[in-house]
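**Q** Below you will find the structure I want to go over with you.
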Amino acid sequence: VDPWYFDGPEFTLRSLVSQAIPSDMGYSLLRQNSGASQPTTTDWREGKEKGHIYTLELHDIPPYRDELFVPPRREVSPRLEMLLTGWSGHYSDALGRQDKLFIDWPSVARYVRYYYQEATKKGLSSLKPQVEAWIQGIADPQERIKVVLRHVQRDFSYLPYDNVIGDSHTLESILKEKTADNEEKAVLLAAALKTIGVDSYVAMVSGRNGGTLTPNFFSLSQFTHNVVVVPRPDGTYQWIDPTVTYAAFGWLPSKDTSAEALLLKTDQGELTKLPGTSEISTTKYRVRVKPRSYGKADLEAEVEYSGEDATDMRDDLAPAAEAARISYLQTWVAERRPGAALRAYTIENLDDVDKPLLVKMSIESPGLVTTAEGLVMVRGCILSCQESNPISSGTRQYPFFLMRGLNSEETVLIEPPKDMKPSGMPAPAVVRSEIGSLTLSCMSQDGGATRCARQFAARKSAVPASAQGNIRAMYDKIVEADRTTVAFQASEGESTAGR
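Residue numbering for the sequence shown follows the working numbering, beginning at 99 and increasing consecutively.
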């Protein structure tokens, strides 16, 4: 039975779920985040069928909304799930037994492996020559795995479902349609590796984007996607996530970092954890500003993405046609600088996932230059700025959840307007809260230019909702700091500080 969530996007006064259970079936119940409320049980009869009805009712439930840093819904929302553990007289081909169904993790592993193996029977003979063509002329074992992974990642469009059902289309169908979902990518990769003599296993992952796994509740609903595990000679595992299309070989996304997984190594299954990682994802902005008259400025921008920031950006840019890329980047620019126009762009290392992604843009932007009392003032933050506070002033119900760290660096070099020089430097800003910090400072450079540096970092964490006031106050100060301006005056004038 699909999990029932009691909350919604608005405050819920009353939410009720009822489920009839025939007497020849047995279910295990999981209640999460529902307080002391208990299901009620009443007798049920419909025709020749009889059994019980389970009912659970909750009142006055706070909304679950797509807020900044909101935890996974399974982590915080009131929910009820019912798991079929027994069915009198029913025989399961997948489990090879009668009556008992999902009573432990070995049951789940046996069930899923059966259907994955069935899916690979039809189409394996067609897959083998394709894989041999992919690795032609490559002798190194790791390079062969790397090439096979790259084809599975990029030759088959990804269908990003967020739950696992323990089933897959046949290899024949996957090869024909050139698509694979959150389970099928791993099924396809494991089958492809098998054709070149590489042993591997599929593992179902309870991604950190989905919530914490409940170890004594043996439900497929707790898993978000599959990965592939290649055993090493030293007894360790090489973990490969084929659901990330533009990732470097050996790299794991934040959803996998220290996530719990069910390894389908044998029919017994094995609960384990994926390795953690200390890799930092960063976006670096380098902007050269040439102020013009009438409040406009010409910008030469370079944006460098590394880690997960790069994989996310490649997901948007790499598969897009030229017109779609232009449209995407125009929107990207307009969201950061309203009214700005993209004049030209180049992209470097788009297909080379082992290197940072670099996007270079020429931009014309209004709103960066203002004049007052003989001074010309230019914004010190251009592309990474926080224009408004993203934290609601309403009472927050849930913790602040950061699945991965956020890191951005922006360096802005402002050329002085003609016949002008800086009129002092604005005061530096240092802002902190429980989730992260920001620094922004400006310094004069040779030739009358000014260099402003902005750095924001938020660490991977879960912070109680009680910190809302401090975090909101931090963002208020960030908004203020990001409005910092550098003032320029006529070269023969006297210096005055500008902000």
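All residues carry an ideal CB built from backbone N, CA and C; glycine is no exception. Every value quoted in this text rests on a predicted model; they were computed, and no experiment measured them.
Do you know offhand how far Met180's Cα is from Leu369's?
**A** Sequence index remark: in the sequence shown, residue 180 carries index 82 (1-based). Sequence index remark: in the sequence shown, residue 369 carries index 271 (1-based). For Met180 and Leu369, the distance between alpha carbons rounds to 21 Å.
**Q** Would you list the one or two residues that DSSP bridges to Ser506?
**A** Here residue 506 is taken as the residue at index 408 of the sequence shown, counted from 1. Beta-bridge pairing links Ser506 to Thr381 and Phe554.
**Q** Tell me which residues share the same chain as Ala284 and place their Cβ nearer than 7 Å to its Cβ, disregarding the 5 neighbours each side in the sequence.
**A** One-based indexing of the sequence shown puts residue 284 at position 186. These residues qualify, in order along the chain: Val300, Asn324, Val325, Val326 and Pro340.
**Q** For Pro497, collect the residues of the same chain with a Cβ closer than 7 Å to its Cβ; drop the 5 residues on either side in sequence, then sort them by chain order.
**A** As a first step, residue 497 must be located in the sequence shown, where it is residue number 399. Around Pro497: Pro169, Ala560, Val561, Pro562 and Ala563.
**Q** Sorted by chain position, which residues of the same chain lie with C-beta nearer than 6 Å to Arg129's C-beta, five sequence neighbours on each side aside?
**A** On the sequence shown, position 31 is the one that residue 129 refers to. Around Arg129: Leu178.
**Q** Could you tell me the distance, in whole angstroms, from the CA atom of Ser186 to the CA atom of Pro329?
**A** Counting from one through the sequence shown, the residue named residue 186 turns up at place 88. Counting from one through the sequence shown, the residue named residue 329 turns up at place 231. Cα to Cα, Ser186 sits roughly 39 Å from Pro329.
**Q** What would DSSP say about Arg435, mapped onto helix, strand or coil?
**A** Position 337 of the sequence shown, counting from 1, holds the residue named residue 435. Coil at Arg435, not helix or strand.
**Q** Leu225 lies in the alpha helix (DSSP H); which residues open and close that run?
**A** Counting from one through the sequence shown, the residue named residue 225 turns up at place 127. Segment Leu222 to Trp232, the alpha helix (DSSP H) holding Leu225.
**Q** Quick check on Glu108: does DSSP put it in helix, strand or coil?
**A** As a first step, residue 108 is located in the sequence shown; it is residue number 10 there, counting from the start. In the structure shown, Glu108 sits in coil (DSSP, three-state: anything other than H, G, I, E or B).
**Q** What residue does the alpha helix (DSSP H) around Asp158 start on, and which one ends it?
**A** For the purposes of this step, residue 158 is taken as the residue at position 60 of the sequence shown. Taken as a continuous stretch (DSSP letters only), Asp158 belongs to no alpha helix (DSSP H), being part of the beta strand (DSSP E) at Glu147 to Ile159.
**Q** So what does DSSP say about Ile119, is it helix, strand or coil?
**A** Counting from one through the sequence shown, the residue named residue 119 turns up at place 21. DSSP places Ile119 in strand when its eight states are reduced to three.
**Q** What do you get for Lys382, buried or exposed, if any count of 16 or more other CB atoms within 10 angstroms of its CB means buried?
**A** Translated into positions along the sequence shown, residue 382 becomes position 284. By the neighbour-count rule (16 or more Cβ atoms within 10 Å), Lys382 is buried.
**Q** Among the residues of its own chain, which have a CB less than 6 Å from the CB of Phe499, if the five just before and after it don't count?
**A** As a position in the sequence shown, residue 499 is number 401, starting the count at 1. Same-chain partners within the cutoff: Phe167, Pro169 and Ala560.
**Q** Counting C-beta neighbours from all protein chains within 10 Å, is the total for Ser506 16 or more, i.e. buried, or is it exposed?
**A** As a first step, residue 506 must be located in the sequence shown, where it is residue number 408. Buried.
**Q** Which runs of the alpha helix (DSSP H), 4 residues or longer, sit entirely within the region 268-321?
**A** 269-275 and 282-293
**Q** Can you tell me the Cα-Cα spacing of Ser223 and Ile489, whole angstroms?
**A** The sequence position of residue 223 within the sequence shown is 125, counting from 1. The sequence position of residue 489 within the sequence shown is 391, counting from 1. Between Ser223 and Ile489, the C-alpha separation is close to 55 Å.
**Q** Taking Ser352 and Arg306 to be in contact with their CB atoms under 8 Å, please state how far apart those CB atoms are, rounded to whole angstroms.
**A** Numbered from 1 along the sequence shown, position 254 holds the residue referred to as residue 352. Numbered from 1 along the sequence shown, position 208 holds the residue referred to as residue 306. The Cβ separation is near 7 Å, so the contact holds.
**Q** Grouping DSSP H, G and I as helix and E and B as strand, with all else coil, what is Thr582?
**A** For the purposes of this step, residue 582 is taken as residue 484 along the sequence shown, with counting starting at 1. Coil, per DSSP.
**Q** Throw me the rounded Cβ distance for the Lys516 and Ser463 pair, which I believe falls under 8 Å.
**A** Here residue 516 refers to the residue found at position 418 when the sequence shown is read from its first residue. Here residue 463 refers to the residue found at position 365 when the sequence shown is read from its first residue. Not a contact, Cβ separation roughly 19 Å.
**Q** Which ranges would you report for the beta strand (DSSP E) in the region 358-427 if only whole runs of at least 3 residues count?
**A** 358-361, 368-371, 380-389 and 395-404
**Q** Tell me whether Met302 is buried or exposed, calling it buried when 16 or more other Cβ atoms sit within 10 Å of its Cβ.
**A** Stepping through the sequence shown from its first residue, residue 302 is reached at position 204. Classification for Met302: buried.
**Q** Given this structure, state the Cα-to-Cα distance separating Pro520 from Asp580, to the nearest angstrom.
**A** Within the sequence shown, numbered from 1, the residue matching residue 520 stands at position 422. Within the sequence shown, numbered from 1, the residue matching residue 580 stands at position 482. Distance between the alpha carbons of Pro520 and Asp580: 19 Å.
**Q** If you follow the alpha helix (DSSP H) that Val262 is part of, which residue opens it and which one closes it?
**A** Counting from 1 along the sequence shown, the entry for residue 262 is found at position 164. Segment: none, Val262 is in no alpha helix (DSSP H) and carries neither H nor E.
**Q** Applying the 10 Å Cβ sphere with the 16-neighbour rule, what's the burial state of Gly503?
**A** Locating residue 503 in the sequence shown gives position 405, where the first residue counts as 1. The residue in question, Gly503, is buried, as its Cβ has 16 or more Cβ neighbours within 10 Å.
**Q** Helix, strand or coil for Ala595? Go by DSSP, reduced to three states.
**A** Within the sequence shown, residue 595 is the residue found at index 497, counting from 1. At Ala595, the pLDDT of 40 sits below 50, so the modelled position is not reliable and the matter cannot be decided from this model.
**Q** The beta strand (DSSP E) with Thr537 in it runs from where to where?
**A** Here residue 537 is taken as the residue at index 439 of the sequence shown, counted from 1. From DSSP, the beta strand (DSSP E) with Thr537 extends over Gly534 to Ser542.
**Q** Give me the residue from Ser535, Ile533 and Cys550 with the minimum Cα distance to Met541.
**A** Within the sequence shown, residue 541 is the residue found at index 443, counting from 1. The shortest C-alpha separation from Met541 is found at Cys550.
**Q** How big is the Cα-Cα spacing for Thr409 and Trp102?
**A** By 1-based counting over the sequence shown, the position of residue 409 is 311. By 1-based counting over the sequence shown, the position of residue 102 is 4. Cα to Cα, the separation comes out at about 33 Å.
**Q** According to the Cβ coordinates, are Ser190 and Asn131 closer than 8 Å?
**A** Start at 1 with the first residue of the sequence shown, and residue 190 comes out as number 92. Start at 1 with the first residue of the sequence shown, and residue 131 comes out as number 33. Against a cut-off of 8 Å, the Cβ pair of Asn131 and Ser190 comes out as no contact.
**Q** Which first and last residues belong to the beta strand (DSSP E) in which Val328 is found?
**A** Stepping through the sequence shown from its first residue, residue 328 is reached at position 230. Unbroken beta strand (DSSP E) run through Val328: His323 to Pro329.
**Q** Here's a check: name, in chain order, each residue in its chain whose Cβ is nearer than 6 Å to the Cβ of Glu508, leaving out the five neighbours to either side.
**A** Numbered from its first residue, the sequence shown carries residue 508 at position 410. Answer for Glu508: Tyr383, Ser482 and Arg552, listed in chain order.
**Q** Alpha carbon to alpha carbon, what distance is there between Ala421 and Lys274?
**A** Position 176 of the sequence shown holds residue 274. Position 323 of the sequence shown holds residue 421. Straight-line measurement puts the Cα of Ala421 at about 28 Å from the Cα of Lys274.
**Q** Just to confirm my understanding: we take Glu400, look at its own chain, exclude 5 residues before and 5 after, and list those with CB closer than 7 Å. What are they?
**A** Locating residue 400 in the sequence shown gives position 302, where the first residue counts as 1. For Glu400, where only same-chain residues beyond five positions count, the Cβ hits under 7 Å are Arg384, Leu456 and Lys458.
**Q** To which residues of the same chain is Ile576 closer than 7 Å at the C-beta, ignoring the five residues directly before and after it?
**A** Locating residue 576 in the sequence shown gives position 478, counting from the first residue. Counting only Cβ-Cβ distances below 7 Å, and skipping sequence neighbours, we find Gln484, Val529 and Leu536.
**Q** If you count every other CB in all the chains shown that lies within 10 Å of the CB of Ser379, and 16 or more means buried, which is it?
**A** Position 281 of the sequence shown, counting from 1, holds the residue named residue 379. It counts as buried.
**Q** Which residue's Cα is closest to the Cα of Tyr335: Leu372, Asp413, Asp396 and Gln320?
**A** By 1-based counting over the sequence shown, the position of residue 335 is 237. The shortest Cα separation from Tyr335 among Leu372, Asp413, Asp396 and Gln320 belongs to Leu372.
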